[in-house]
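*Asks:* Below is one structure. I have some questions about it.
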Amino acid sequence: MNQNDDDTDWMIEDEAPPASQPQASKPGTAPAPWRVLIVDDDVDVHVVTKFSLSNVCFQGRRLSFLHAYSGEEALTTLRATPDIALVLLDVIMETSDAGLNVARHIRETLHNNLVRIVLRTGQPGQALEHSIILDYDINDFWCKTDLTTRKLFTTVISSLRAYSGLEQAHRRVQALQQELDQARALLAAVDQHAVIVTLDERGKIVAVNDKFCTVFQYSREELQGADPRLLHAPPYPPDQLTDALQALKDGEAWTDVVSAWRRDGQEVRLRATVTASAELPRRYIVVASVLQALKKPL
């Protein structure tokens with residue numbers, strides 16, 4: 001049945017604005033409604049479903065209904081409207097498995113793992129319910145004759161609650177991913193500019209960056225597990241060492257100009273900052289920049 005039939009449009013007038021319109025609530029206005037897509041080739045199912053849910057409100061948000069009458073139309077709507085929270089999906093429409101194909105496309109083609117999918121069928125004898133629940137990523141399965149108004153209300157609310165939790169988690173993951181990307185970009189910039197070495201709690205070298213290997217003329221394999229005295233023969237300047245150990249003991253970063261020697265014996269003057277990790281076992285991270293041209297030690 002066509003969505004635009006003149007004989008039926010008055011019964012199922014959509015409350016949802018076009019997908020191109022923003023859904024964010026403006027100050028002083030009602031919060032954006034939950035989008036619910038009803039997919040069924042029987043217009044009466046749309047009318048009854050919408051009537052049964054007309055007064056539903058969850059988390060201060062009403063329901064806004066979208067309508068599709070075939071699997072193809074449902075997928076078109078889902079592509080154009082990514083913030084649909086719930087799909088009430090008929091199994092048998094233009095084909096005997098049209099709803100199942102929609103469910104599979106939602107997850108595998110549209111990669112939409114947030115929307116909740118509730119399958120409904122009017123012909124339970126033609127659908128193997130257990131097999132469908134196992135083989136398809138759906139969230140509920142009902143025979144239409146069993147789905148009373150109370151059960152429909154319970155199913156919709158539980159679906160919206162699950163969607164809300166998943167949506168919040170998705171936003172947190174996106175925010176964390178953005179922070180991680182920024183941190184990686186910053187680390188890449190620092191990695192190009194500075195020599196970086198990580199020491200374990202015994203003071204042995206755990207890791208170095210490429211610039212460290214280039215400046216000091218050692219391979220990463222030679223440096224891993226080595227004693228830093230490979231780069232600075234004792235004794236260390238006693239005042240520097242005391243200050244550094246005290247700062248790290250107090251949980252503070254320590255910064256000063258230090259000297260080290262590369263493989264060929266040339267001196268490298270560095271401004272180094274040492275920080276200690278909070279977790280155990282303790283790690284010490286040294287980030288340093290070369291201050292001046294290399295020269296022969298006295």
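In the UniProt record's numbering, the protein residues as written are 1 to 298. Every residue, glycine too, gets a C-beta built ideally from N, C-alpha and C. Since this is a predicted model, take the numbers as computed values, not measurements.
Specify, as a first and last residue, the run of the beta strand (DSSP E) that Leu88 falls within.
*Replies:* Its beta strand (DSSP E) spans residues 84-90.
*Asks:* Could you tell me the distance, in whole angstroms, from the CA atom of Phe58 to the CA atom of Phe141?
*Replies:* Each residue's Cα considered, the two are about 22 Å apart.
*Asks:* Report the rounded CA-to-CA distance for Asp40 versus Thr49, giving the unit in angstroms.
*Replies:* Approximately 11 Å between the Cα atoms of the pair.
*Asks:* I'd like the span of the alpha helix (DSSP H) that includes Ala98, first residue to last.
*Replies:* Looking at the DSSP string, the run of the alpha helix (DSSP H) that includes Ala98 is 98-108.
*Asks:* Tell me where the alpha helix (DSSP H) around Asp135 begins and ends.
*Replies:* Taken as a continuous stretch (DSSP letters only), the alpha helix (DSSP H) holding Asp135 covers 129-135.
*Asks:* Is the distance from the Cβ of Arg283 to the Cβ of Val206 below 8 Å?
*Replies:* Their beta carbons are under 8 Å apart, which means Arg283 touches Val206 by this criterion.
*Asks:* Output the boundary residues of the alpha helix (DSSP H) element that contains Tyr163.
*Replies:* Where Tyr163 is concerned, the enclosing alpha helix (DSSP H) stretches over 149-193.
*Asks:* Using a threshold of 8 Å, state whether the C-beta atoms of Leu134 and Ala74 are closer than that.
*Replies:* Their beta carbons are not under 8 Å apart, which means Leu134 does not touch Ala74 by this criterion.
*Asks:* Tell me whether Asn209 is buried or exposed, calling it buried when 16 or more other Cβ atoms sit within 10 Å of its Cβ.
*Replies:* Result: buried.
*Asks:* Going by the CB atoms, is the gap between Ala253 and Val274 shorter than 8 Å?
*Replies:* Taking 8 Å as the Cβ cut-off, Val274 and Ala253 qualify as a contacting pair.
*Asks:* If distances are taken between C-alpha atoms only, which option among Ile84, Leu114, Ile117, Glu72 comes closest to Thr95?
*Replies:* Looking at the Cα atoms, Glu72 is the closest of the given residues.
*Asks:* State yes or no: is the C-beta of Arg161 within less than 8 Å of the C-beta of Asp83?
*Replies:* No, Cβ-Cβ distance for Arg161 and Asp83 is not below 8 Å.
*Asks:* Can you list, in chain order, the residues of its chain with a C-beta nearer than 7 Å to that of Ser52? Leave out the 5 residues immediately preceding and following it.
*Replies:* So the qualifying residues of the chain are Thr149, Leu152.
*Asks:* Would you kindly work out how many angstroms separate the C-alpha atoms of residue 302 and Val173, rounded to a whole number?
*Replies:* Nothing about residue 302 can be read from this structure; the chain reaches only from 1 to 298.
*Asks:* Ala103 to Gly165, Cα distance in whole Å?
*Replies:* About 21 Å.
*Asks:* Check the C-beta distance from Val290 over to Ala272 and give it rounded, since I have them as a contact under 8 Å.
*Replies:* So it is not a contact: roughly 10 Å between Cβ atoms.
*Asks:* Using only the alpha-carbon positions, how far apart do Val286 and Glu222 sit?
*Replies:* Their backbone Cα atoms lie some 18 Å apart in a straight line.
*Asks:* Taking the beta carbon of Ala68 as the centre, do at least 16 other beta carbons fall within 10 Å, making it buried, or is it exposed?
*Replies:* By the neighbour-count rule (16 or more Cβ atoms within 10 Å), Ala68 is buried.
*Asks:* Taking buried to mean at least 16 other C-beta atoms within 10 Å of its own C-beta, is Leu147 buried or exposed?
*Replies:* It is buried - the Cβ of Leu147 has at least 16 other Cβ atoms within 10 Å.
*Asks:* Looking at Arg116: is its Cβ nearer than 8 Å to the Cβ of Ala85?
*Replies:* Yes, they are a contact pair.
*Asks:* Do you know offhand how far Ala244's Cα is from Phe216's?
*Replies:* One C-alpha to the other measures close to 22 Å.
*Asks:* In whole angstroms, what is the alpha-carbon distance linking Asp42 and Thr29?
*Replies:* Distance between the alpha carbons of Asp42 and Thr29 is about 35 Å.
*Asks:* Per DSSP, what kind of secondary structure is Ala32 in: helix, strand or coil?
*Replies:* Looking at Ala32 - three-state DSSP - the assignment turns out to be coil, as it is neither helix nor strand.
*Asks:* Taking the straight line between their C-alpha atoms, what separation do you get for Tyr218 and Leu270?
*Replies:* The straight-line gap from Cα to Cα measures roughly 17 Å.
*Asks:* State the DSSP-derived secondary structure class of Leu291, mapped to helix, strand or coil.
*Replies:* Here Leu291 sits in coil by DSSP.
*Asks:* Compute the distance between the beta-carbons of Arg62 and Pro33, then report whether it is under 8 Å.
*Replies:* Their beta carbons are under 8 Å apart, which means Arg62 touches Pro33 by this criterion.
*Asks:* Excluding the five sequence neighbours on either side, which residues of its own chain have a C-beta within less than 6 Å of the C-beta of Arg171, listed in chain order?
*Replies:* Correct list: empty, nothing qualifies.
*Asks:* How big is the Cα-Cα spacing for Ala183 and Phe212?
*Replies:* Looking at the two C-alpha atoms, the distance is approximately 20 Å.
*Asks:* Can you tell me which of the three DSSP states Ala247 falls into?
*Replies:* Helix at Ala247.
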